[in-house]
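J.: I'd like to ask some things about the structure below.
Right under this line is the structure:
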């Protein structure tokens, strides 16, 4: 009789769904939007994709599958950063509520191939062109 009561109790308990942050944002991991995942979703995830050298897109989602979790062992979050010729920069999969809130604990210059402002980078070639035009004028070569 006790076994039947235990079975009815377990079957009657509501299934607790996973809660994750579900949002997309450019160049920043701080977006937050708590949502209940579907019953089949077992993971929260963050995927970062490089669009241009100085522009990346962050997507936080509920997921049914995750390729970076090793199922046979104890499920734990697993992070990695790719440095090869692929648009994926960062992937995180985890199984606890709101575990996809934070991004990587690292310097943001890793995500950007070029640091500094665009005006600082282009100023060097503008200065060179001005210098060459000035020396051509001074040298008597003149520009037509």
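Numbering (mature numbering (1 follows the signal peptide of the UniProt record, and there is no 0)), first residue to last: -18 to -1, 1 to 126. Glycine included, every Cβ here is placed at the ideal spot set by N, Cα and C.
1) Measuring straight from C-alpha to C-alpha, what distance separates residue 141 and residue 40?
2) Can you tell me whether DSSP reads residue 110 as helix, strand or coil?
3) Give me the DSSP bridge partner(s) of residue 14.
4) What number of angstroms, rounded off, separates the C-alpha of residue 86 from the C-alpha of residue 72?
5) Within 10 Å of its beta-carbon, does residue 112 have 16 or more other beta-carbons around it, so buried, or fewer, so exposed?
6) Since residue 37 contacts residue 6 with CB under 8 Å, what's their CB separation in whole angstroms?
7) Identify every residue that forms a DSSP beta bridge with residue 3.
T.: According to the data block:
1) With the chain represented from -18 up to 126, any question about residue 141 goes unanswered, as that position is not in the structure.
2) DSSP places residue 110 in helix when its eight states are reduced to three.
3) According to DSSP, which records beta bridges pairwise, residue 14 is partnered with nothing at all.
4) For residue 86 and residue 72, the gap between their C-alpha atoms comes out near 8 Å.
5) The residue is exposed, with fewer than 16 neighbouring Cβ atoms inside 10 Å.
6) At roughly 13 Å, the Cβ-Cβ gap does not stay under 8 Å, so residue 37 and residue 6 are not in contact.
7) DSSP, once it has assigned bridges, lists 16 as partnering residue 3.
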